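Trainee: Got a structure here, written out as structure tokens. Questions coming.
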Amino acid sequence: MVLGSCGAWPEPGRACSGFVLEHGGARVVLDLGYGTLPRLLALLGSSAADGIDAVIVTHAPPDHMVDLHGLLRARWFGRRSAPPIPLHAPGPVLARLISLEDDGADVVRRAFDWHPLPARPQQIGPFRLESMPLPHYLPNSGVRLSAPGLTVAYTGDTGPDPRLAELGRGADLYIVDATDRWQRPGAPAAPPGPSLNLTAREAGQAAAAAGARRLLLTHFWPDNDRQAARAAAEAAFGGEVLIAEEDLEVQLGLMGSAGLAG
Ligand SMILES: [Zn+2]
351 MVLGSCGAWP EPGRACSGFV LEHGGARVVL DLGYGTLPRL LALLGSSAAD GIDAVIVTHA
411 PPDHMVDLHG LLRARWFGRR SAPPIPLHAP GPVLARLISL EDDGADVVRR AFDWHPLPAR
471 PQQIGPFRLE SMPLPHYLPN SGVRLSAPGL TVAYTGDTGP DPRLAELGRG ADLYIVDATD
531 RWQRPGAPAA PPGPSLNLTA REAGQAAAAA GARRLLLTHF WPDNDRQAAR AAAEAAFGGE
591 VLIAEEDLEV QLGLMGSAGL AG
């Protein structure tokens, strides 16, 4: 399920980056930006956030991690004696999380079992997790989750990079940054220099280079025209282009056995 689809800050009624991937009875959360936690708790049907097998956070800006602090409190106040939840994230995510809570280091350590990203391939329940650094303002880790017959890849925030083809190679669903910050009518021209986010067209190019089956555009700059983003991506990618929307469910794999779904 898509928990949130906006980059930077959320539009009215929306949330920032967040996704839940379900497969084989496992549930993995990808990013927890502004406004995602209430949607996650509604999906779980639990104010204490019961039912999460792992959390992955791609990088430290608050539009990808600030509601991780809310999840920390849900576990600390709601399930203090429960085993820690595996948390896979770059070091700056952990440091920011600790800074948000009194006695943060101890509270975080008891609520989460931290594993740094990027890292060597490892197993998370039914998924093999691969990760790689991608260019952004802060260290960002693209992630790729594979189970037999199913692959989902997610860029987090990234500028154009040849590694995007490797991250999403043959993925059933490739979730790609389509910030397109300068798309809005009247927006100033993009400044010179390397971009550290993608346009929708660049997202389509990345999906094409990867040979992905489906592309899910996300991290839209607030008030962007999302249908224009879809058209721009479709001009570069021949496969199906989906637009992230809050509460969108995407079925993946055979017989609906897996999905970015609730
Ligand atoms: Zn972002």
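Numbered continuously in our numbering, the sequence shown closes out at residue 612. Note that CB positions come from ideal geometry on N, CA and C, so glycine has one too. The model shown is predicted, which means the values in this text are computed figures rather than measured ones.
(1) Answer yes if the stretch 501-520 comes into contact with the stretch 576-594, meaning at least three C-beta pairs across the two stretches below 8 Å, and no otherwise.
(2) When you compare only the Cα positions, how much space is there between A432 and Q533?
(3) What would DSSP say about E552, mapped onto helix, strand or coil?
(4) Within 10 Å of its beta-carbon, does A562 have 16 or more other beta-carbons around it, so buried, or fewer, so exposed?
(5) Within the present structure, is the beta-carbon of G509 separated from the nearest heavy atom of ligand 1 by less than 6 Å?
(6) Assign A560 to one of three DSSP states: helix, strand, or coil.
(7) For H465, write down the residues that DSSP places opposite it in a beta bridge.
(8) Kindly identify the DSSP beta-bridge partner or partners of P483.
(9) Could you give the uninterrupted runs of the beta strand (DSSP E) lying entirely in the stretch 356-418, keeping only those of 3 residues or more?
(10) Indicate the three-state DSSP secondary structure (helix, strand or coil) for A611 in the structure shown.
(11) Shorter than 6 Å, the distance from the beta carbon of D413 to the closest heavy atom of ligand 1, or not?
(12) Could you have a look at G354 and say whether DSSP puts it in helix, strand or coil?
(13) Ignore the nearest five residues each way along the sequence and tell me which others in D527's own chain have a CB closer than 8 Å to its CB.
(14) Go ahead and pull the three-state DSSP assignment for R478.
(15) Measuring alpha carbon to alpha carbon, tell me which of E361, R377, I448 ends up nearest M351.
(16) Mind checking F369: buried by the 16 CB within 10 Å criterion, or exposed?
(17) Between G357 and ligand 1, is the CB less than 6 Å from at least one heavy atom?
(18) Under the assumption that H465 contacts P436 (Cβ atoms under 8 Å), give the Cβ distance between them as a whole number of angstroms.
(19) Quick check: is the beta carbon of S431 nearer than 7 Å to any beta carbon in chain C?
(20) Could you compute how far the alpha carbon of P498 sits from the alpha carbon of A537?
(21) Only counting the same chain, and skipping five residues up and downstream in sequence, which positions put a Cβ closer than 7 Å to that of V416?
(22) Measuring straight from C-alpha to C-alpha, what distance separates I593 and L353?
(23) Return the residue from the list H414, L495, G589, A455 that minimises the CA-CA distance to A557.
(24) CA-CA distance, F427 and P489?
(25) Does the stretch 453-464 come close enough to the stretch 482-496 that 3 or more CB-CB pairs lie under 8 Å?
(26) For the beta strand (DSSP E) that L500 lies in, which residues bound it at each end?
Mentor: From the atom records:
(1) no
(2) 46 Å
(3) helix
(4) buried
(5) no
(6) helix
(7) H438
(8) S491
(9) 368-373, 376-382, 404-406
(10) In this prediction, A611 has a pLDDT of 49, which is less than 50 and means its spatial position is unreliable; what the coordinates show is noted afterwards. Coil at A611, not helix or strand.
(11) yes
(12) strand
(13) G357, T505, G506, D507, T508, N547, L548, A553, T568, H569
(14) strand
(15) R377
(16) buried
(17) yes
(18) 6 Å
(19) Among the chains in the structure shown there is no chain C, since it carries only a single protein chain.
(20) 44 Å
(21) G383, Y384
(22) 13 Å
(23) G589
(24) 30 Å
(25) no
(26) 500-504
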